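Reading through the structure tokens given below for one structure.
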Amino acid sequence: MHSIELLPDAGTERAVRRVWRAVADAGLPSLADHGHPTNRPHLTLATADTLPAATRTVLAQALTALPLPLHLGGLLRFSGRFEVLAWAVRPDEALLALHEEVWRIVRETPEAGPPHPLLAPGRWVPHITLGRGRGAVWPGPDSRWLPPSASASASASASGTASGWWAAARRYDSKSRTTARIGPDRA
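Just so we're aligned, residue 1 is where the sequence shown starts under the UniProt record's numbering, counting upward by one.
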């Protein structure tokens, strides 16, 4: 499985990693404990079984829209096979348009396989994962796990918001556990 992911600017990445650390230091499941070198804050736009070279070229062209503004808001929780704690991404029109374009490119690639329905425009819930685990439980849906230093400018508001830039994109291959950049890199 391949995923197409947006990567935040360096300041926002540091802010998210501080939150990962704060969650882990509180004794809760956190991505700070995931030691694989490909583990980094990201926003998933689409997934595919395979991404042929021609599709990667078209995706790279679509991703020339980067950089785009990045706005993080309150906490989200998802339940399912894994419990997930995430920082909500507040999408603007440009991010929604890019997501729809990437989704369309992947959907129109026969080799890509069926698109993941939860990533479809209109159903997509943009977020950056902070922690995940089977049966994981985090305290209430507030910003208590977001330390004051958890923003791109190193001064988040009390609501746990942050702003920055989506600076680059990558493809993550879950079989080989490798990544490759797609499009411009302004990280």
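Note that beta-carbon positions come from the ideal geometry of N, C-alpha and C, so glycine has one too.
Computed from a prediction, not measured in an experiment: that's the story for all the values here.
1) Go through its chain and collect everything with a Cβ distance to F78's Cβ below 6 Å, but skip five positions before and after it.
2) Look up P126 in the DSSP assignment and say whether it is helix, strand or coil.
3) Between which two residues does the beta strand (DSSP E) holding L98 run?
4) In whole angstroms, what separates the C-alpha of P67 from that of W166?
5) Leaving out five residues before and five after H2 in sequence, what residues of the same chain have Cβ atoms less than 6 Å from its Cβ?
6) If I measure Cβ to Cβ from T44 and keep anything under 7 Å in the same chain, skipping five residues before and after, which residues do I get?
7) Exposed or buried, what is G108 when buried is set at 16 or more other beta-carbons lying within 10 Å of its beta-carbon?
8) When we look at the beta-carbon of S176 and count the other beta-carbons within 10 Å, is it buried (16 or more) or exposed?
9) Taking only runs of the alpha helix (DSSP H) that begin and end inside the segment 47–77, which ones reach a length of at least 4 residues, in chain order?
10) Would you kindly report the start and end of the unbroken beta strand (DSSP E) that includes E5?
11) Are the CB atoms of V102 and P126 within a distance shorter than 7 Å?
12) Tell me the DSSP secondary structure of G11 in three-state form.
13) Should the segment 7–23 be regarded as contacting the segment 32–40, the criterion being three or more beta carbon pairs within less than 8 Å?
14) So I128 packs on L75, CB below 8 Å; how close in whole Å?
15) By a C-beta neighbour count over all protein chains shown, 10 Å radius and 16 as the cutoff for buried, is A180 buried or exposed?
16) What whole-angstrom Cβ distance do L130 and W87 have, given they're in contact under 8 Å?
17) From which residue to which residue does the beta strand (DSSP E) around S163 run?
Put simply:
1) V84
2) coil
3) Taken as a continuous stretch (DSSP letters only), L98 belongs to no beta strand (DSSP E), being part of the alpha helix (DSSP H) at 93–107.
4) 5 Å
5) A48, L51, R171, D173
6) S3, E5, L119
7) Sequence check: residue 108 is Glu here, not Gly. With fewer than 16 Cβ atoms within 10 Å of its Cβ, E108 is classed as exposed.
8) exposed
9) 53–62
10) 2–8
11) no
12) helix
13) yes
14) Not quite, the Cβ-Cβ distance comes to about 11 Å (not below 8 Å), so this is no contact.
15) exposed
16) 6 Å
17) 162–173
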